[in-house]
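Asks: Structure provided below as structure tokens; questions to follow.
Protein chains: 2
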Amino acid sequence: MKLSERVEKMQFSPIRRFNEYALEAERNGKKIYRLNIGQPDVETPECFLEAIKSINLDVIEYAESGGVEDLQQAIIDYFRIYNIYYEKKDIMVTAGGSEALNMLFTTILDPGDEVLIAEPFYTNYHTFIAAANGKVVPVTTSAEEGYHYADVDKLEAAVTDKTKAILITNPGNPTGTILTKDEMQLIIDFAINHDLWIIADEVYREFAYDGRKVYSFGMFEECKNRLIIVDSVSKRFSACGARVGCLVTKNEDVAQGVMKLAQGRLCVATLDQIGAAALYRLDKSYYKEIRTVYEKRRDAVYEEIMKIPGVICKKPGGSFYLMVKLPVDNVENFLMFLLKEYSDNNETVMFSPAGGFYATKGLGRDELRIAYVLNEDSLRRGIQILAGGLKAYKEKED
Amino acid sequence: MKLSERVEKMQFSPIRRFNEYALEAERNGKKIYRLNIGQPDVETPECFLEAIKSINLDVIEYAESGGVEDLQQAIIDYFRIYNIYYEKKDIMVTAGGSEALNMLFTTILDPGDEVLIAEPFYTNYHTFIAAANGKVVPVTTSAEEGYHYADVDKLEAAVTDKTKAILITNPGNPTGTILTKDEMQLIIDFAINHDLWIIADEVYREFAYDGRKVYSFGMFEECKNRLIIVDSVSKRFSACGARVGCLVTKNEDVAQGVMKLAQGRLCVATLDQIGAAALYRLDKSYYKEIRTVYEKRRDAVYEEIMKIPGVICKKPGGSFYLMVKLPVDNVENFLMFLLKEYSDNNETVMFSPAGGFYATKGLGRDELRIAYVLNEDSLRRGIQILAGGLKAYKEKED
Numbered sequence: 002m003k004l005s006e007r008v009e010k011m012q013f014s015p016i017r018r019f020n021e022y023a024l025e026a027e028r029n030g031k032k033i034y035r036l037n038i039g040q041p042d043v044e045t046p047e048c049f050l051e052a053i054k055s056i057n058l059d060v061i062e063y064a065e066s067g068g069v070e071d072l073q074q075a076i077i078d079y080f081r082i083y084n085i086y087y088e089k090k091d092i093m094v095t096a097g098g099s100e101a102l103n104m105l106f107t108t109i110l111d112p113g114d115e116v117l118i119a120e121p122f123y124t125n126y127h128t129f130i131a132a133a134n135g136k137v138v139p140v141t142t143s144a145e146e147g148y149h150y151a152d153v154d155k156l157e158a159a160v161t162d163k164t165k166a167i168l169i170t171n172p173g174n175p176t177g178t179i180l181t182k183d184e185m186q187l188i189i190d191f192a193i194n195h196d197l198w199i200i201a202d203e204v205y206r207e208f209a210y211d212g213r214k215v216y217s218f219g220m221f222e223e224c225k226n227r228l229i230i231v232d233s234v235s236k237r238f239s240a241c242g243a244r245v246g247c248l249v250t251k252n253e254d255v256a257q258g259v260m261k262l263a264q265g266r267l268c269v270a271t272l273d274q275i276g277a278a279a280l281y282r283l284d285k286s287y288y289k290e291i292r293t294v295y296e297k298r299r300d301a302v303y304e305e306i307m308k309i310p311g312v313i314c315k316k317p318g319g320s321f322y323l324m325v326k327l328p329v330d331n332v333e334n335f336l337m338f339l340l341k342e343y344s345d346n347n348e349t350v351m352f353s354p355a356g357g358f359y360a361t362k363g364l365g366r367d368e369l370r371i372a373y374v375l376n377e378d379s380l381r382r383g384i385q386i387l388a389g390g391l392k393a394y395k396e397k398e399d
Numbered sequence: 002m003k004l005s006e007r008v009e010k011m012q013f014s015p016i017r018r019f020n021e022y023a024l025e026a027e028r029n030g031k032k033i034y035r036l037n038i039g040q041p042d043v044e045t046p047e048c049f050l051e052a053i054k055s056i057n058l059d060v061i062e063y064a065e066s067g068g069v070e071d072l073q074q075a076i077i078d079y080f081r082i083y084n085i086y087y088e089k090k091d092i093m094v095t096a097g098g099s100e101a102l103n104m105l106f107t108t109i110l111d112p113g114d115e116v117l118i119a120e121p122f123y124t125n126y127h128t129f130i131a132a133a134n135g136k137v138v139p140v141t142t143s144a145e146e147g148y149h150y151a152d153v154d155k156l157e158a159a160v161t162d163k164t165k166a167i168l169i170t171n172p173g174n175p176t177g178t179i180l181t182k183d184e185m186q187l188i189i190d191f192a193i194n195h196d197l198w199i200i201a202d203e204v205y206r207e208f209a210y211d212g213r214k215v216y217s218f219g220m221f222e223e224c225k226n227r228l229i230i231v232d233s234v235s236k237r238f239s240a241c242g243a244r245v246g247c248l249v250t251k252n253e254d255v256a257q258g259v260m261k262l263a264q265g266r267l268c269v270a271t272l273d274q275i276g277a278a279a280l281y282r283l284d285k286s287y288y289k290e291i292r293t294v295y296e297k298r299r300d301a302v303y304e305e306i307m308k309i310p311g312v313i314c315k316k317p318g319g320s321f322y323l324m325v326k327l328p329v330d331n332v333e334n335f336l337m338f339l340l341k342e343y344s345d346n347n348e349t350v351m352f353s354p355a356g357g358f359y360a361t362k363g364l365g366r367d368e369l370r371i372a373y374v375l376n377e378d379s380l381r382r383g384i385q386i387l388a389g390g391l392k393a394y395k396e397k398e399d
């Protein structure tokens, strides 16, 4: 009785893997600034719980497999803000962006099929693609180049006859890299040339800073039939625990294929869909509001990071993550040191080691991801602890 | 740009497939008794919504990937009623029983691996197993024998060197067949002999009639390490839309494998888990109460069914389904007739054609599944319409 090869080869989440050491430290009374996980401290808009609390149902019934109609309509109206036009049949409501990706890869990948992804990338893509017996083919980027990947030569070098799709996270996680309109065009042309699906994970769509315009692959007519957009309420509305997202596509084959899987799992939680509809209906001034909050946070983190001697970090333009290259051999050892040995006034800090964000073995060992999901003061304090911890770690190592 | 072979080969849900014709009929003012889907009309216990409405959280955060601890504890306490002892590490909270099955097959099946299931079976097993590139190997049963499958010869004939697991739905869906303790022992011995996983889908555990004792595979010590139990709040607590279930196992390899997938999808909806904890904590008198309700419904349906000339139907001992063999060539055509042409006082009835519950092609064409999920009067009326419709259909066919 063995497990499947695909699961044997899978990793535990590098983001969640160190949690037990953090919990242990907390049990010992240490305060931890958690910059490791994309769980914002921003309040979920009240309309979410209000919508759910106003529900009076005698029976909590299954919803339709494609989603509650009112939520589908709210999603359609949301995209319309950006002059992107969808219909209900194009919208599959999913349990977060995670389920959208999971169902999508099961729908489009045969065993051995490849998906191009710029590395470092959101580590759970690995899990979803491996679950479908597919293979991640990384397009390697570097801290020094600000994790730039919209480069035809780089993309061409990675494509094979097994390549089925290119997956773009824009704005990026973990890098914060954000594509220009021209770069999006370049990727679309590349995908058309090689007849690839374009999977656009745009859950950080509104997190675009420095006056950047918000773009979506949905704005480009010419890729409409090969485009699948993944969306979610988790980050935009700070509602990670709602587990509501969607898969959006004009491609009817994909929509039908995903529907087969969706009918298998019956539906997404009914109450959360009702709450999510209220979120998608928030006035668009909300996006401006949170953008301002996170832009300040980014600036604070970046300012503190750049005070640390020997780091490499380019100021990212979007999402709420930032990658940093540290002058250490192995950030995992450094993180263990921070959690188990180091303390500054009985406080320490936690981040995500970046090794798990790379598909290429050995890369990312000296890089980490910071999620700037706490208030400015906590962020500054967290990075200052990191700086102090680094000094102590290096002294100990010498 | 093609879809994956696994999804190309998949069927749409035969339970949900006829929904569009039903909706069309309803738009035309026809009332439909929906006996096609396992969506009970029984009120969800108030504690579910009450627990959720009393939540005051500023941020709807991710839950732990394994589940909210309080819910895990409530599940542990629930199993203890039956003298089955689990710990938190054994309980993976999932988005309904569906996700439990989905993650389980991804964890234990390599492409081509086989799972034994008595047919007719819950059609979505097909989807989950195909998603993992596995194969259903059916153990065929018949209406005439009351869908009996606990038969060593039948099981032995189906096993190959690719067989990895036997999946048991007990009490059964769609058959209502319920195993005796001796039959469970027979299946366990068989699984041990062939070194198979035992997957026990026991979501209808409490729906056992005629004074039958409630059994679980969890009560058998000797299969502990090869047993995976799937549970759910959907049916037991009439909370289908909550999408909360769990995968329960003492096998640490499976628990760890499933955890890798669970971390990938992050967590199950936080609020619904809080509601589900209240459900699992209901006094066990609740189970007696609903058992009485459904037993009366079963008796009513069975009584009405047996009035129809030429049917074959054995009174089932559990769950809330009942299979009927009708004297027609193709129940799908009959269902279309009921939805599109027939009406009795502007009312008609809907059921699930059983073809989709069989893996063997051609079987089940003259069988249907009734879900007795409505009140007694509606059920009697529904079956009477079915009887009238059948008479009209046969007259028209002649």
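Chains as they are written, first to last, in the numbering used here: chain C, 2 to 399; chain V, 2 to 399. Idealized CB from N, CA, C, for every residue including glycine. Computed from a predicted structure; not experimentally measured.
1. Tell me the rounded alpha-carbon separation between V:ASP152 and V:LEU187.
2. Give the DSSP-derived three-state secondary structure of V:GLY242 in the structure shown.
3. In chain C, which residues lie with their C-beta within 8 Å of the C-beta of V:LEU262?
4. Strictly under 8 Å for the Cβ-Cβ distance: is C:PHE358 near chain V by that measure?
5. Where do the N-terminal and C-terminal ends of the beta strand (DSSP E) with V:ASP42 fall, by residue?
6. Got a sec? Which residues, its chain only, sit under 8 Å from C:THR161 by beta carbon, not counting five neighbours each side?
7. What residues in the stretch 42-56 of chain V bring their beta carbon closer than 8 Å to a beta carbon of chain C?
8. Does V:CYS224 come out as helix, strand or coil in the three-state DSSP assignment?
9. With DSSP run on the structure shown, which of helix, strand or coil describes V:ALA159?
10. For V:SER239, does the count of other Cβ atoms within 10 angstroms reach 16, so buried, or fall short, so exposed?
11. Less than 6 Å between C-beta atoms, sequence neighbours within five positions excluded: which residues of the same chain meet that for V:SER233?
12. Could you tell me whether the stretch 174-191 of chain C touches the stretch 264-278 of chain C, where touching means 3 or more Cβ pairs closer than 8 Å?
13. So, at 7 Å on beta carbons, what are the nonlocal neighbours of V:ASP367 in its own chain, with the 5 sequence-adjacent residues on each side left out?
14. At the 8 Å Cβ level, is C:SER5 part of the contact set with chain V, yes or no?
15. Which of the residues in the stretch 95-111 of chain V, read from start to end, lie with their CB under 7 Å from any CB of chain C?
16. Taking the C-alpha atoms as reference points, what is the distance between V:GLY67 and V:LYS261?
17. Can you grab the Cα-Cα spacing for the pair V:LYS136 / V:ASN84, in whole Å?
18. Check each residue of the stretch 368-391 of chain C: if its Cβ is closer than 7 Å to any Cβ of chain V, include it; give the result in chain order.
19. Can you say whether C:LYS35 is buried or exposed, counting buried as having 16 or more other CB atoms within 10 angstroms of its CB?
20. For a minimum of 4 consecutive residues, which ranges assigned as the alpha helix (DSSP H) are wholly contained in the stretch 256-292 of chain C?
21. Using the Cα positions of V:LEU336 and V:ALA270, report the straight-line distance between them to the nearest angstrom.
22. May I have the straight-line CA-CA distance separating C:GLN257 from C:GLY113, to the nearest angstrom?
23. To the nearest angstrom, how far is it from the Cα of V:THR128 to the Cα of C:ASN57?
24. Quick one: which chain V residues come within Cβ less than 7 Å of C:GLN40?
25. In chain V, what lies closer than 7 Å to C:THR271 by C-beta?
26. Interface residues of chain V around C:LEU72 at Cβ under 7 Å?
27. For the stretch 46-85 of chain C, which segments carrying the alpha helix (DSSP H) assignment without a break, of at least 4 residues, lie completely within its bounds, in sequence order?
28. Measuring straight from C-alpha to C-alpha, what distance separates C:ARG213 and C:LEU323?
29. Using 8 Å as the threshold, is the C-beta distance between C:ALA52 and C:ILE275 below it?
30. So, are the CB atoms of V:GLY72 and V:ALA243 less than 8 Å apart?
31. For the stretch 310-337 of chain V, which residues have a beta carbon sitting closer than 7 Å to at least one beta carbon of chain C?
32. May I ask you to list the residues that DSSP assigns as paired with V:LEU117?
33. What residues from the stretch 176-210 of chain C come within 8 Å of chain V, judged by C-beta to C-beta, listed N to C?
34. Measure from the C-beta of V:ARG298 to each C-beta in chain C and report whether the shortest distance is under 8 Å.
35. Mind listing the chain C neighbours of V:MET2? Cutoff is C-beta to C-beta under 7 Å, in chain order.
36. Considering only the beta carbon of each residue, do V:LEU248 and V:MET104 sit closer than 8 Å?
Replies: Inspection of the coordinates gives the following:
1. Taking C-alpha positions only, V:ASP152 is separated from V:LEU187 by approximately 8 Å.
2. Secondary structure at V:GLY242: helix, using DSSP grouped into helix, strand and coil.
3. By Cβ distance, chain C contributes VAL8, MET11, THR128 and ALA132.
4. Not a single CB atom of chain V sits nearer than 8 Å to the CB of C:PHE358.
5. Segment: none, V:ASP42 is in no beta strand (DSSP E) and carries neither H nor E.
6. Here C:THR161 has GLU115 and VAL138 as same chain residues with Cβ atoms under 8 Å from its own Cβ, once five neighbours each way along the sequence are excluded.
7. Listed by position, the residues of the stretch 42-56 of chain V near chain C (Cβ gap below 8 Å) are ASP42, VAL43, GLU44, THR45, PHE49, LEU50, ILE53, LYS54 and ILE56.
8. V:CYS224 carries a helical assignment under DSSP once its states are collapsed to helix, strand and coil.
9. For V:ALA159, the secondary structure class from DSSP, reduced to helix, strand or coil, is helix.
10. Within 10 angstroms of the beta-carbon of V:SER239 lie 16 or more other beta-carbons, which makes it buried.
11. The beta carbon of V:SER233 sits closer than 6 Å to those of GLY97, GLY98, VAL204 and GLY246, all from its chain and outside the five residues before and after it, given in chain order.
12. Contact annotation: the stretch 174-191 of chain C does not touch the stretch 264-278 of chain C, with fewer than three C-beta pairs closer than 8 Å.
13. If we look at V:ASP367 and ignore the five residues flanking it on each side, its Cβ neighbours are LYS326, LEU327, VAL329, ASP330 and VAL332.
14. Answer yes: the Cβ-Cβ gap between C:SER5 and chain V drops below 8 Å somewhere.
15. Residues passing the 7 Å Cβ filter: ALA96, GLY97, SER99, GLU100, ASN103, THR107, THR108, ILE109, LEU110 and ASP111.
16. Distance between the alpha carbons of V:GLY67 and V:LYS261 is about 10 Å.
17. Going by the C-alpha atoms only, they are around 34 Å apart.
18. Taking 7 Å as the Cβ-Cβ cut-off, the stretch 368-391 of chain C has no residue approaching chain V.
19. The identity of residue 35 of chain C in the sequence shown is Arg, whereas the question assumes Lys. So C:ARG35 counts as buried.
20. Listed in chain order, they are 271-281.
21. Approximately 37 Å, taken between the alpha carbons.
22. Across the structure, C:GLN257 and C:GLY113 are spaced so that their CA atoms are roughly 23 Å apart.
23. Cα atoms of V:THR128 and C:ASN57: separation of roughly 33 Å, rounded to the nearest angstrom.
24. When 7 Å is used as the limit between beta carbons, C:GLN40 is near these residues of chain V: GLU62 and TYR63, in chain order.
25. Chain V residues near C:THR271: GLY242.
26. Residues of chain V whose Cβ lies closer than 7 Å to the Cβ of C:LEU72 do not exist; the shortest such Cβ separation is about 13 Å.
27. The stretch 46-85 of chain C contains, as complete alpha helix (DSSP H) runs of 4+ residues, the segments 47-54 and 70-81 (chain order).
28. Their Cα atoms are separated by approximately 17 Å.
29. Taking 8 Å as the Cβ cut-off, C:ALA52 and C:ILE275 qualify as a contacting pair.
30. It should be pointed out that residue 72 of chain V corresponds to Leu in this sequence rather than to Gly. For the 8 Å CB-CB criterion, V:LEU72 and V:ALA243 do not form a contact.
31. Only those residues of the stretch 310-337 of chain V whose C-beta falls short of 7 Å from the nearest C-beta of chain C would be listed, and there are none.
32. Looking at the DSSP assignment, V:LEU117 forms a beta bridge with V:VAL138 and V:ILE167.
33. Correct list: ASP196, LEU197 and TRP198.
34. Using a Cβ-Cβ cut-off of 8 Å, V:ARG298 does not count as an interface residue toward chain C, since no Cβ of chain C sits closer than that to its own.
35. Chain C residues near V:MET2: ASP196, TRP198 and ARG227.
36. Taking 8 Å as the Cβ cut-off, V:LEU248 and V:MET104 qualify as a contacting pair.
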